[in-house]
Ligand SMILES: Nc1ncnc2c1ncn2[C@@H]1O[C@H](COP(=O)(O)OP(=O)(O)O)[C@@H](O)[C@H]1O
Ligand SMILES: [Mg+2]
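In our numbering, the protein residues as written are -5 to 193.
#1: Does the separation of the CB atoms of residue 148 and residue 183 fall below 8 angstroms?
#2: Buried or exposed: residue 168, going by 16 or more other Cβ atoms within 10 Å of its Cβ?
#3: What's the call for residue 61, buried or exposed, on a 16-neighbour Cβ count within 10 Å?
#4: Just curious, the alpha helix (DSSP H) that residue 155 is in, first and last residue?
#5: For residue 25, verify whether its CB is less than 7 angstroms away from any heavy atom of ligand 1.
#6: Is it buried or exposed, residue 110, if we count other Cβ atoms within 10 angstroms and call 16 or more buried?
#7: Between the alpha carbons of residue 115 and residue 35, how many angstroms are there, rounded?
#8: As an exercise, report each continuous beta strand (DSSP E) stretch of at least 3 residues that is fully enclosed by the segment 18 to 106, in chain order.
#9: Classify residue 108 as helix, strand or coil using the three-state DSSP reduction.
#10: Looking only at its chain, what residues have a beta carbon closer than 7 angstroms to the beta carbon of residue 63, apart from the 5 residues adjacent to it on each side?
#11: So for residue 117, helix, strand or coil by DSSP?
#12: In the DSSP assignment, the alpha helix (DSSP H) including residue 169 goes from what residue to what residue?
#13: Closer than 6 angstroms is what we want: which residues have a beta carbon that near any heavy atom of ligand 2? List them in chain order.
#14: From this set, 5, 102, 74, which residue's C-alpha is nearest residue 136's C-alpha?
#15: Could you say if the segment 65 to 84 and the segment 117 to 128 meet the contact criterion of at least three C-beta pairs nearer than 8 angstroms?
#16: Using the three-state DSSP reduction, which class does residue 160 fall into: helix, strand or coil?
#17: When DSSP labels each residue in this structure, what does residue 9 get in the three-state scheme?
#18: How many angstroms separate the CA atom of residue 20 from the CA atom of residue 107?
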């Protein structure tokens, strides 16, 4: 039996349920390979390849797909493997597509904060960490800096003054503190962030 699903329906989403061995992985593999093999007519005399993104928690599905990639698409494949320590890939948590647009900026802040909540167990019960996370996130979005520079931001006064909003209550308070008191406060924040960065 042949079943057809239009690209329009595919883009609307699909949900597959079934016990082990029912063919879920096989179905996903077939769909990915079919997409990679197709070309969509865009305009008269112009066709385009279809892009596919596969996210899989284990390697079996990916390996099945990789060995079936059509030859003419082999050079289009980008494999991001977090377990491949020889070829690590960077992820910038603070990446914002348009930091000058307040709505997009706020959306990025929200996304970063939700990662901090999931990864660091940050919540209303950790008010100091939350305050730091908010201030650091708002400072680093739209800069070339990432997680790596958080410690630098908190410990290096010259670096900090270049980046922070001088009218922010948080940074005014922070800059007014004695280095000894700053050290005591940022210690918790930095320890948690190192745990994530080095994980
Ligand atoms: N449409 C199909 N026709 C023939 N064999 C299939 C089909 N779908 C799956 N299989 C086979 O059944 C087995 C289990 O399929 P799989 O996709 O791994 O199941 P699931 O991911 O649901 O556990 C595999 O050996 C696969 O090759
Ligand atoms: Mg499976």
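Backbone N, C-alpha and C define an ideal beta-carbon position, used for all residues, glycine too.
Computed from a predicted structure; not experimentally measured.
Concretely, from the data shown:
#1: yes
#2: buried
#3: Around the C-beta of residue 61, fewer than 16 other C-beta atoms lie within 10 Å, and the residue is accordingly described as exposed.
#4: 151 to 157
#5: Result no, Cβ not under 7 angstroms from ligand 1.
#6: By the 10 Å Cβ count, residue 110 comes out buried.
#7: 48 angstroms
#8: The segment 18 to 106 contains these whole beta strand (DSSP E) runs: 33 to 37, 40 to 43.
#9: helix
#10: 30, 71
#11: coil
#12: Residues 163 to 170.
#13: Cβ atoms closer than 6 angstroms to ligand 2 belong to 18, 19.
#14: From the listed residues 5, 102, 74, the smallest Cα separation to residue 136 is found for 102.
#15: No, the segment 65 to 84 does not touch the segment 117 to 128.
#16: Residue 160 sits in coil when the DSSP states are folded into three classes, being neither helix nor strand.
#17: coil
#18: Each residue's alpha carbon lies about 37 angstroms from the other.
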